[in-house]
DNA sequence: CTGAAAGCGCTAACAC
DNA sequence: GTGTTAGCGCTTTCAG
């Protein structure tokens, strides 16, 4: 360590200075910093990790999708980690990856991380023993598939959000609500489905058959063609906004106007949701809050291995009401067929500039 | 090293086995692996990095946005890195971050990386000396702000794509093309603007004033209100799809039908582009190809520090034609005002299921 | 407040 | 094919 020589102190003192440890005189600290500056010194992270046994980095497992939800969650994590002093190591799992999430966790453990974040876990048939592999704490974001001692979960209360959406539609006067579900391998999709189903059950409403998509607008469109065939259908709760958009297009092509003939509620509040036609009523997810709080709890568990994990707090539920929802159309007189083919539906200006919307709850 | 003992070999031999080095007899290799298995052994990455001087990891600087383009690029990088044996260290720069990209690069260098990827650089007023800081190679994705010895650039040929979009509109018969630009701090936005402007100039067309947004549908909407006021405007090239969607909504509210009255071309081909109304004609970016090729070149530069960098290849330009573009409306008779207020524009079914579209070039 | 010694777990360079 | 000897640059532990 050249810096030590130049500053005329011991190696350890240099270490103290660069680690902001106490018990270094201001004078010595200044001298060391100066010497370091002059030599363009930067600490060697590998050596530090080797000697201390702590890597000061957190591994992140992402599902390799372009989906807004997972991407937003990851970005929330990236944003949140800056305040913690930890670095991020990211590994990507493609859906259909043979080794799955477990493989990704393994590779992270190989690289050396103090904690792990798993974003939007899916049931890939490998899981279950995630936390058994290393003894680092694991934070599962998006939905809690399991909870072993060192596993934390930070959900977004998907079931509660699904309930809110469904009840809103019911309150509008709809007899029942259809559900355009996400792929059931995703825990997040399961939660939304479950929240919808149980709400309907609690209100004693009929539970229509579920249509499942893969989160894409494309499958939403396909599902929409199917749903459009059902004349009794007046309201749909879609598991995400992309599918809702595909769905709305299919409905429009089938001559079913949104929201006059059928109401649609999406999920996520993607940035364009306010600008599609009609502007989408949707459940906004508090990705940032969830990521931030989750990371805080993870760091706590890393730094206090023996303390009990911090409790999770329920994030707020936020229904953004725009123009894709309305009361159901008046009951059809029996025997009448589908209504007119196309919809003149004049375009109404947005209530307020920039995607204004009223917020419910 | 306990594994060495259990297998009855030297430490170095264990090292050889785990590094897949040659010159180890099959028998010994088997014994070592077995011993390792039994002890649940995994190599210590920090020690390895310390001893070898190579971290086997690549740092990634991202701009902390939820934008589709940057996000897709990062995912391409994540996907591409799996085949290289390198790990990813990610650090996030928020726009408006005081330390900027340079700060992010610094922190990566502190953590120890063998190479750096900068995705979608912006001109944050700090830049310029990126590669002077460490001696690791740097890959700049999205647009090349500078090129020092060890800096590679993997552009997406934004200017060429802008040219293609603009010429397509011109060929449709439009007198000229307006441009809804991205924030000019982004090099990518500048390239698109430049490509558009030079194309117009090359064809001797008038160059309308540029309207600038911030990539969001919301600013696209605002810009749309402005543009709608210009009666002569019949075609707009938007710097991304989100803005195009906001723009289209504003036009519709102003009674200007797309594509009958004005044609709109977007940029990116976001997943919902095929399902909005009308389905969006847009320039598709080959994010995956760009990321993959860029990473390959970066790894080459890491592993062959003295060899000249691999040459970049131009990615293909891909115009996806959907329903937001058409020939201009017949010339207005002088003196006639704006046309009717609202647009009945019946919804036409998609040409093919799942966002079918014809591809141009 | 500061320093000396030991060693984290691996790989480099060279022997055998 | 395999082993030996040195460190990599830091932190730890224990003395002052």
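Chains as they are written, first to last, in UniProt numbering: chain A, 1 to 361; chain B, 1 to 361. Every residue, glycine too, gets a C-beta built ideally from N, C-alpha and C.
Within chain A, the residues placing a beta-carbon under 7 Å from that of residue 45/B are 110, 111, 112, ordered along the chain. DSSP places residue 250/A in no beta strand (DSSP E) but in the uninterrupted alpha helix (DSSP H) bounded by 241 to 253. Residue 66/A reaches chain B at 68, 71, 72, 75, 271, counting residues in chain order whose Cβ is nearer than 8 Å. The closest CA to that of residue 240/B, considering only 117/B, 224/B, 187/B, 265/B, is found on 265/B. Following the DSSP letters along the chain, one finds residue 263/B inside the beta strand (DSSP E) bounded by residues 263 to 268.
Taking the Cβ atoms as the reference, residue 195/B lies roughly 3 Å from residue 162/B, within the contact range of under 8 Å. The distance from the Cβ of residue 276/B to that of residue 276/A is about 5 Å, consistent with a contact at the 8 Å cut-off. Here the region 38 to 54 of chain A makes no contact with the region 252 to 270 of chain A; the two share fewer than three CB pairs at distances below 8 Å.
Residue 90/B is bridged by DSSP to 88/A, 60/B. For residue 201/A, the three-state secondary structure derived from DSSP is helix. Assigned with DSSP and collapsed to three states, residue 171/A falls in helix. By the criterion of a C-beta distance shorter than 6 Å, residue 318/A is surrounded in its chain by 284, once the five residues flanking it on both sides are discounted.
When DSSP reads this structure, residue 281/B sits in a beta bridge with 265/B.
Contact holds between the region 180 to 191 of chain B and the region 110 to 126 of chain B, because three or more Cβ pairs, one in each stretch, are under 8 Å apart. The beta carbon of residue 304/B is closer than 6 Å to none in its chain, skipping five residues each way along the sequence. Going by C-alpha positions, residue 258/B is about 12 Å away from residue 246/B. For a Cβ distance threshold of 8 Å, residue set 62, 64, 90, 91, 92 of chain A lies close to residue 78/B, ordered along the chain.
Chain-ordered, the chain B residues with CB closer than 8 Å to the CB of residue 246/A read 272, 275. At the C-beta level, residue 189/A and residue 181/A come within 7 Å of one another. In this model, residue 152/B and residue 100/A are separated by some 33 Å (Cα to Cα).
In terms of beta-carbon proximity, residue 50/A lines the interface with chain B, with at least one pair separated by less than 7 Å. At least one CB atom of chain A sits nearer than 7 Å to the CB of residue 87/B.
By the rule that beta-carbons nearer than 7 Å mark a contact, residue 217/B touches chain A. Shown here, residue 95/B sits in coil according to DSSP, grouped into three states, outside any helix or strand. Residue 286/B has its alpha-carbon roughly 11 Å from the corresponding atom of residue 314/B. Between the alpha carbons of residue 45/B and residue 108/A lies a distance of about 11 Å. For residue 271/A, the number of other beta carbons within 10 angstroms of its own is at least 16, and it is reported as buried.
For the region 217 to 245 of chain A, the set of positions with a beta-carbon nearer than 9 Å to some beta-carbon of chain B reads 217, 218, 219, 220, 221, 222, 225, 241, 242, 245 in chain order. In the DSSP annotation of this structure, the continuous segment of the alpha helix (DSSP H) that includes residue 224/B starts and ends at 217 to 228.
For residue 205/A, the closest alpha carbon among the candidates 331/A, 178/A, 244/A is that of 178/A. Counting C-beta atoms within 10 angstroms of its own C-beta, residue 23/B has fewer than 16 neighbours from the protein chains shown and is therefore classed as exposed.
In the three-state reduction of the DSSP assignment, residue 53/A falls in the coil class, being assigned neither a helical nor a strand state. When DSSP states are grouped into helix, strand and coil, residue 314/B belongs to the coil group. Here DSSP, grouped into helix, strand and coil, assigns residue 21/A to coil. Nothing from the region 176 to 210 of chain B brings a Cβ to less than 9 Å from some Cβ of chain A. Where residue 72/B is concerned, there is no enclosing beta strand (DSSP E), although the alpha helix (DSSP H) around it starts and stops at 68 to 81.
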